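Some notes on the structure that comes next.
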Amino acid sequence: MSNLAQRVLRELGQKAPAEAREQIQKTAHWLAVTCSTPGSYSHEAVLKALMQKGVSNELLIDVCIPEAARTLGAGWDDNTRSFGQVSLGTVRLQGLVQQLSAQWKFTPVIHDQQSVLVAICGDEDHILGPLILSDQLRRLGYSVKLLLGATEKDVHDNIETGFFDMVMFSCSSVVSLDNVAKVVKSLRQEISDPPILLLGGAVLGQAPEIEKLVAVDVIASGLTDALEQLESEQVVNAGKATVSR
Amino acid sequence: MKNSGTKLWDFGSIPMNEPEYLGSILAAASDIALVVTLKGKVLSVLVNDNDRSLGNLSHWEQRKIHDFLTTESIPKLEAVFAQFASGQNVLHPVELNHRDNAIWQFPVSYSIHRLGDADTLLMLGRDLSSTAETQQQLVKAQLAIERGYEERRDFDARYRMLLATMQEPVVFVSANDGRIKDINAAAINLFGQNTNDLEGSVFSQLFKNRRRGEFQDALLAISSKDQNSDMTVEDVKLGRRFKIKASLFRASGERLLICRLISENDTSLKDDITTQNLLSLYNLGTDGIVFTSANGFIEAANEGFLDLVNTANLGDIKGRSLSEFLARGQIDLAVMLENVTRSGQVRVYATKLQNAVGSKLGVEVSVVRLPSDARETMAFVIRDTNRFEESPAPAITSEDFSQSNVAELVGSSTLREIVGETTDMIEKICIETAIELTQNNRAAAAEMLGLSRQSLYVKLRKFDLLAKDRPS
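Protein chains in written order, with my numbering: chain A, 11 to 255; chain B, 29 to 500.
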């Protein structure tokens, strides 16, 4: 009986705070509406209002902004928001992430800091995800270089001159996947020991058997998934073999 | 053509048109006009002659429109077809993204109307390519800004690394108002305060007998002389004497002084190792450390605590009561302060922290009263127990549970009996915990449980806890 009582108490204690989730949902909805409404707008005013709502920068970047972006996308899907509103809202959300990420906290870690090249190839215009990913990686202690509108040569040059443990390709559609596939193919052909190559982004839900289209080491549906896979023995071993440049 | 069952115009208000002229009118009235079946087959495509950007789309005819839509647009159009098939009309515009080869995509906003034939729809489209182009220009502008941020981060990392690793204390001071703009780790350790407290504060206030204007003039005077010029100062806290060498420079139009602090004798500026280690622990440690006044108002807190309560700046919480961040509020704080005042310290007090949005986090708190001639200070060390609990004690799984004695209960007692006994057990555990947390302070325990003292005594007697909780 005591076990049952302990279990009841433990589960009650671990129950996610519903009021916090509700607050986040409300904030994300407010953000989606504010960012997609034409007219005067300023990042500073929005950030000040969010601060007054008690939302930390991390919570804003990790939860509220992605949730607001999903709200905008869902609005386009159900015809309640126009392409113009969604575009405007997304660009403003991206601007918010940029502004918040600019206030990065530098931690002078010299040893054991892994480095990541986040690459968005070609004319990909969905950059919100990669901006958030880069910020999250920096907060986790990774040294990050974000390469936007990357050409094959850009990625080559950065790998040759930098010292990256992994390259994360972010891709939003099957159309732009072709660019990534070309870059990955040439990296495999021309660099003898490339870093771990990883693919993520919205493209993952759009085509079956993506691993057959792009010769990356890891396909991950999100940051947590990516890091878990990278930490798994198989990839760590592969990584050790490939990054020993 | 009807709209929501209402004729758009009265019969005879415009002349009857031959079908070949109607096509031209529709093409001119929209950028693209499609006649499609409810199954999606394109029967006819008309493109406005004045809008050449869409090109020739005659190859769409007799093919499914789905072949010329992006993935995310197909469910939207399917929903529209379903609505028309069920006899409803779609009154709002529907935006779809077309694709016509591997790269070319263009958004179109359609108004969709039922034609005379029940299975045929007329889709009148407005080309949104110009909006898409504007959006792409905005994205390009953002890409350029992001590249700027990347370059700045690169430079910033080198600058921060230099400041963090150099052993000489250095302070950047605005030549205009004498306030500290930036300060390196060595100088922070020297003055023994938070970065947030020092940045933005008046530099002269760190030294004895120095008025801001006079101090500023003196710094400017030595900066204009040769490199060996310096001025001697004495710090307020510990009375240590050292020299300041200053150099003046301009950054983005602002005049800044870079001030190097040099010991009068080599050892005076170097803190002892324990002090430095303690400062590093405060600055880098993952446990929250909070200093409060005797009545629990926050005076200083480290980054560890700011992380625990999801707050960006010390300024946001300084001066507020620590009780605002404790799940049981004033009860928690009162219990800890009462015990620390009585015995000088509190060990491992279990409670929860809550941040501004209401998220709660299990913590253990230790409190020490710091002796001081001037005023009493309380030091709280707060450890996140969620992480601690997660690794060594895995959550009970259904498999574990089925093996436990509890599983044997099911079947041997009725549900009513199990629930009744479990409720008693939970009450007992909660009361024992409250008594333990409050270190046998029954008034505080009753308040914590939301009971009157009388009710608490009744329950203590019921669970035979009166003898156990008596202080030894």
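No residue lacks a Cβ here, since even glycine has one placed at the ideal position from N, Cα and C.
A quick note: this is a predicted structure, and the numbers were derived from the prediction, not measured.
When DSSP labels each residue in this structure, what does B/K253 get in the three-state scheme? coil
Expressed to the nearest angstrom, what Euclidean distance is found between the alpha-carbon atoms of B/R154 and B/A160? 13 Å
Distance between A/T47 and A/Q108 (C-alpha atoms, nearest Å): 20 Å
So for B/M194, helix, strand or coil by DSSP? coil
Can you tell me where the alpha helix (DSSP H) with A/C60 in it begins and where it stops? For clarity, residue 60 of chain A is Leu in the given sequence; the question names Cys instead. Here the alpha helix (DSSP H) through A/L60 covers H53 to Q62.
Taking only three categories from DSSP, how would you classify B/K69? strand
Determine the direct distance from the alpha carbon of A/A230 to that of A/I137, and round the result to whole angstroms. 17 Å
Contact list for the segment 64-95 of chain B against chain A, Cβ threshold 7 Å: none
At the 8 Å Cβ level, is B/L484 part of the contact set with chain A, yes or no? no
B/H141 (DSSP reduced to helix, strand or coil): strand
Measuring only between beta-carbons, confirm whether A/D72 sits less than 8 Å from chain B. no
Limits of the alpha helix (DSSP H) - the one that B/L156 falls within: Here B/L156 belongs to no alpha helix (DSSP H), and DSSP marks it neither H nor E.
To the nearest angstrom, report how far apart A/T37 and B/V318 are at their CA atoms. 29 Å
Note down the Cα distance separating B/G332 from B/L309, rounded to an integer number of angstroms. 10 Å
With burial defined as no fewer than 16 other Cβ atoms inside 10 Å of the residue's Cβ, what is the status of B/G144: buried or exposed? exposed
Which one or two residues does DSSP pair with B/L389 in a beta bridge? B/L381
Would you say B/Y177 lies against chain C (beta-carbon separation less than 8 Å)? In the structure shown, chain C cannot be found, because the protein chains are A and B.
May I ask which residues mark the beginning and end of the beta strand (DSSP E) holding B/A274? R269 to A279
Counting only beta-carbon atoms, is A/D87 nearer than 8 Å to chain B? yes
List the whole-angstrom C-beta distance separating A/A191 from A/L223, where the pair is believed to meet the contact cut-off of C-beta under 8 Å. 6 Å
Determine, using beta carbons only, whether A/S92 comes closer than 8 Å to chain B. yes
Determine the direct distance from the alpha carbon of B/S280 to that of A/V101, and round the result to whole angstroms. 28 Å
Across the segment 174-183 of chain B and the segment 196-211 of chain B, are there enough close Cβ pairs to call them in contact, namely three or more that are closer than 8 Å? no
Do B/L336 and B/I272 come within 8 Å of each other at the CB atom, strictly closer than that value? no
Since B/D263 sits in a beta bridge, which residues does DSSP pair it with? B/F235
Distance between B/K380 and B/S419 (C-alpha atoms, nearest Å): Summary for B/S419: the model assigns pLDDT 40, below 50, so the residue's position carries little reliability, and this model does not support an answer.
Tell me where the alpha helix (DSSP H) around B/F408 begins and ends. Per DSSP, B/F408 belongs to no alpha helix (DSSP H); it is in the beta strand (DSSP E), T405 to D412.
Excluding five sequence neighbours on each side, which residues of the same chain lie with their C-beta closer than 6 Å to the C-beta of A/C45? G99, R102 and L103
Please list, in chain order, the residues of the segment 153-178 of chain A that have any C-beta partner in chain B closer than 9 Å. S153, V154, K155, L156, L157, L158 and G159
Below 8 Å, how does it come out for the segment 171-187 of chain A and the segment 197-213 of chain A: are there three or more Cβ pairs, yes or no? yes
Status (buried if at least 16 other CB within 10 Å, exposed otherwise) for B/R239: exposed
Could you work out which residues of chain A lie near B/P135, taking near to mean beta carbons separated by less than 7 Å? F93
Which chain B residues sit within Cβ distance under 9 Å of A/I256? With chain A represented from 11 up to 255, any question about residue 256 of chain A goes unanswered, as that position is not in the structure.
Go through the segment 319-343 of chain B residue by residue and report every complete run of the beta strand (DSSP E) that reaches 3 residues or more, in order. 326-329
Sort out for me which residues DSSP pairs B/K1 with in a bridge. The requested residue 1 of chain B does not occur in the structure, where chain B is confined to residues 29 to 500.
Residues within the segment 141-165 of chain B neighbouring chain A, beta-carbon criterion of under 9 Å: L156, T159, A160, T162, Q163 and Q164
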